[in-house]
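Numbering (the working numbering), first residue to last: 654 to 964. The beta carbon of each residue, even a glycine, is placed where N, CA and C say it ideally should be. Just so we're clear, the structure is a prediction, and the values are computed from it rather than from any experiment.
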Ligand code: CA
């Protein structure tokens with residue numbers, strides 16, 4: 654998979670030269686010439702790494718760092734600041750603003766590539782980024798959830814799971830299955846980007862299982878949007894014949910034919926706004942129970958725990 658780098662640099666010839674070199678090195682590069690343009694591009698398509706010039710015509714690299722690191726959906730993207738200045742002051746300011754690394758211009762390309770690779774590696778390791786969906790994994794999920802559970806803020810935890818993945822893989826193979834998972838990851842990221850705020854968090858917590866930590870008032874919107882986009886989009890992963898029949902045919906180990914329905918998405922969640930939740934483990938257990946109930950339905954479904962239990 655190609656790593657995506659967003660380069661934010663206002664001097665066009667320099668930007669073009671860096672972009673050209675990075676592309677030759679095998680990265681996918683998009684370029685922004687102003688801070689705000691860079692900011693828009695980050696939200697359009699979350700990069701794996703941001704390379705940002707310190708001095709830009711509108712907002713500077715420090716400000717950009719601060720804003721990105723304050724956004725729960727973005728803060729895992731490593732940022733390398735580029736500057737012509739060599740002062741230690743700038744370096745400290747950049748680190749305080751949340752930059753992950755710093756490189757002084759002029760630089761050797763070999764050094765730049767090494768820094769990029771080191772930061773990509775570190776972010777994958779630290780944040781346990783899922784390769785297929787580009788979403789954080791289980792540990793960052795626990796981290797985000799425990800912060801919510803400890804704060805006094807109301808929150809909702811919803812689990813999203815796909816039904817029929819195993820059967821789908823049997824008929825369509827591993828590569829198509831990966832494309833389905835990518836599609837679901839993209840759907841969740843897209844929905845959070847459009848309807849969410851910087852406090853919302855999504856992660857991959859199992860094969861075909863996702864978690865979203867959000868505010869109670871947004872959980873329903875997210876769930877309905879995910880179901881809608883999934884139900885429409887999932888059709889593109891099947892042949893016309895299978896779609897017409899509404900099912901796929903799989904061979905059992907004994908050579909018997911059996912059918913399995915088109916994949917569905919099931920969502921279940923809970924919130925501390927409707928019942929007392931003592932810890933993140935409580936939240937996980939309750940949301941899991943509701944998800945299991947939701948999984949019992951034959952069409953895509955969404956349920957929230959509505960039991961009011963104040964103790
Ligand atoms: Ca500049």
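- Under the Cβ criterion (8 Å, minimum of three pairs), the segment 719–735 counts as touching the segment 843–851.
- Of the heavy atoms belonging to ligand 1, none sits nearer than 8 Å to the Cβ of residue 678.
- Per the coordinates, the alpha-carbon of residue 702 lies some 44 Å from the alpha-carbon of residue 904.
- With a cut-off of 8 Å, the C-beta of residue 702 is classified as distant from ligand 1, since no heavy atom of the ligand falls inside that distance.
- Residue 802 sits away from residue 920, with the two beta carbons spaced by 9 Å or more.
- Set against 8 Å, the gap from the CB of residue 708 to the closest heavy atom of ligand 1 is smaller.
- Looking at the backbone, the Cα of residue 804 and that of residue 666 are separated by about 48 Å.
- If you check the CB distance, residue 924 and residue 957 come in under 9 Å.
- With fewer than 16 other Cβ atoms from the protein chains shown falling within 10 Å of its own Cβ, residue 819 counts as exposed.
- When DSSP assignments are scanned along the segment 759–831, the uninterrupted stretches of beta strand (DSSP E) that are 3 or more residues long and fall wholly within it turn out to be 809–816.
- In the DSSP assignment, residue 710 falls outside any alpha helix (DSSP H), carrying neither H nor E.
- Assignment of residue 921 by DSSP, reduced to helix, strand and coil, places it in the strand class.
- Taking 9 Å as the cut-off, the beta carbon of residue 865 is found no closer than this to the beta carbon of residue 840.
- Take the alpha-carbon of residue 812 and the one of residue 908: they are about 35 Å apart.
- At least one heavy atom of ligand 1 lies less than 8 Å from the C-beta of residue 663.
- Cβ atoms of residue 869 and residue 809 come within 8 Å of each other, at about 5 Å.
- When secondary structure is reduced to three states using DSSP, residue 859 falls in the strand class.
- Looking at the DSSP output, residue 702 sits in a beta bridge with 658.
- In its chain, beyond the 5 residues on either side, 790, 791, 794, 812 and 864 have a beta carbon closer than 8 Å to the beta carbon of residue 858.
- If you ignore the 5 residues before and after residue 899, its C-beta comes within less than 8 Å of the C-beta of 914 and 915, all in its own chain and listed in chain order.
- The continuous stretches of alpha helix (DSSP H) do not include residue 725, and DSSP gives it neither H nor E.
- Considering only 714, 877, 787 and 720, the residue with the shortest C-alpha distance to residue 655 is 787.
- Annotation for residue 831: 785 place their beta carbon closer than 7 Å to its own, counting only its chain and skipping 5 residues before and after.
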